[in-house]
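*Asks:* Residue numbers (the working numbering): 21 to 324. Each residue gets a CB set at the ideal place from its N, CA and C atoms; glycine is no exception. Dropping a structure here in structure tokens format, bear with me for questions.
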Ligand code: ZN
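Structural data, given as structure tokens:
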């Protein structure tokens with residue numbers, strides 16, 4: 021056993037956090053929880069509701085400003101020891117709960133957590149580290165109502181492996197509903213759909229008409245001319261295969277439908293809403309050709 025692990029193990033059984041629920045169990049928080057979860061069970065509403073069992077931990081949380089519980093000196097030392105050993109990353113891994121009796125509005129909660137276990141150093145996808153498990157007992161009026169075991173991994177973050185090759189752009193998802201569009205791209209034709217019943221043009225490709233529901237359609241070739249309806253310039257977060265800054269536009273085609281793609285041919289900072297653009301088919305890597313929209317000649321400074 022390593023020195024560090026021996027020191028970590030010494031904290032097993034020590035107190036972690038203890039405190040008192042910020043609010044007694046109450047109808048408003050139960051209602052908000054059920055709305056967020058989409059749980060319409062009558063047990064949680066009406067004259068004599070109970071709290072959903074899975075809300076157990078919610079009653080122990082302090083909210084944005086904290087303040088529901090006090091972390092023990094032992095727990096703070098354990099976490100500092102792990103930080104000092106390079107395990108500065110933390111991720112929650114799992115939680116097990118046991119319910120003794122339902123909580124009801126008016127119940128006042130107290131809770132006590134102990135450091136149940138610290139694992140030996142393990143290798144994980146995030147890096148090597150130690151799993152720290154705490155076990156919290158929750159009481160109402162001194163009576164045990166439930167417990168939960170909560171496990172976190174304190175790990176030493178590893179930089180992602182260096183890539184020799186530039187990563188490829190994400191691949192489009194081609195399915196039987198939109199395969200015709202990608203067949204068009206391969207032939208350098210920008211294809212949109214026209215409903216055979218009402219004539220409405222549509223994009224992206226869908227199996228039925230959004231106006232009349234008709235499932236019959238014809239592919240028609242768009243001219244490729246359009247204008248910038250809206251756009252964003254991406255600086256952050258970094259996405260592999262893309263070099264920021266780059267522009268992503270919502271292009272309104274001359275035919276009236278809108279399409280999202282990159283805007284090329286102008287400094288991202290000079291792109292403006294309303295700029296005229298034309299489609300160009302660009303091979304972005306060996307296996308992928310995409311319709312991008314290039315700002316039309318002489319329009320680079322339009323609107324600026
Ligand atoms: Zn239609």
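When you compare only the Cα positions, how much space is there between residue 234 and residue 118?
*Replies:* 53 Å
*Asks:* Looking at the secondary structure, which residues open and close the beta strand (DSSP E) in which residue 246 lies?
*Replies:* 245–254
*Asks:* With DSSP run on the structure shown, which of helix, strand or coil describes residue 225?
*Replies:* coil
*Asks:* What's the C-alpha gap between residue 51 and residue 79?
*Replies:* 14 Å
*Asks:* Do you know how far the Cα of residue 61 is from the Cα of residue 271?
*Replies:* 46 Å
*Asks:* Under DSSP, the beta strand (DSSP E) around residue 39 begins and ends at which residues?
*Replies:* Start and end: 35–40.
*Asks:* Quick check: what's the CA-CA separation for residue 68 versus residue 126?
*Replies:* 11 Å
*Asks:* Give the single residue among 261, 274 and 311 whose Cα lies nearest to the Cα of residue 296.
*Replies:* 274
*Asks:* So, residue 169 versus residue 155, is the Cβ gap smaller than 7 Å?
*Replies:* yes
*Asks:* Near residue 323, which residues of its chain fall below 8 Å by C-beta distance, leaving aside the five closest residues on each side in sequence?
*Replies:* Note that residue 323 scores 45 on pLDDT, short of 50, meaning its location in the model is unreliable and no value can be drawn from it.
*Asks:* Beta-carbon within less than 6 Å of residue 178's beta-carbon, same chain only, minus the 5 sequence neighbours each way: which residues are those?
*Replies:* 147
*Asks:* Say the cut is 6 Å; is the CB of residue 220 nearer than that to a heavy atom of ligand 1?
*Replies:* yes
*Asks:* Quick check on this structure: which residue in 214, 248, 241 and 249 has the alpha carbon closest to the alpha carbon of residue 232?
*Replies:* 214
*Asks:* Can you tell me which of 226, 93 and 247 puts its alpha carbon nearest to the alpha carbon of residue 237?
*Replies:* 226
*Asks:* Going along the chain, which residues of its own chain have a beta-carbon closer than 7 Å to the beta-carbon of residue 189, five neighbours each way excluded?
*Replies:* 261, 304, 305 and 308
*Asks:* Is the CB-CB distance between residue 316 and residue 298 below 7 Å?
*Replies:* yes
*Asks:* Quickly, what does DSSP pair residue 90 with across the bridge? List them, please.
*Replies:* For residue 90, which the question treats as bridged, DSSP gives the partners 38.
*Asks:* Terminal residues of the continuous beta strand (DSSP E) containing residue 199?
*Replies:* Note, residue 199: premise wrong, no beta strand (DSSP E); alpha helix (DSSP H) at 199–206.
*Asks:* Ignore the nearest five residues each way along the sequence and tell me which others in residue 120's own chain have a CB closer than 6 Å to its CB.
*Replies:* 164, 165 and 166
*Asks:* Quick check: is any heavy atom of ligand 1 less than 6 Å from the C-beta of residue 231?
*Replies:* yes
*Asks:* Is it true that the CB of residue 174 sits closer than 7 Å to the CB of residue 102?
*Replies:* For the 7 Å CB-CB criterion, residue 102 and residue 174 form a contact.
*Asks:* For residue 218, which of 247, 211, 230 and 42 has the nearest alpha-carbon?
*Replies:* When only C-alpha atoms are compared, the closest one is 230.
*Asks:* According to DSSP, is residue 31 part of a helix, a strand, or is it coil?
*Replies:* coil
*Asks:* Could you give the distance in angstroms between the alpha-carbon of residue 159 and the alpha-carbon of residue 22?
*Replies:* 38 Å
*Asks:* Could you check whether the Cβ of residue 217 sits closer than 6 Å to any heavy atom belonging to ligand 1?
*Replies:* yes
*Asks:* For a test of the three-state rule: what should DSSP assign to residue 26, helix, strand or coil?
*Replies:* DSSP places residue 26 in helix when its eight states are reduced to three.
*Asks:* Going straight from the alpha carbon of residue 81 to that of residue 115, what length do you get?
*Replies:* 15 Å
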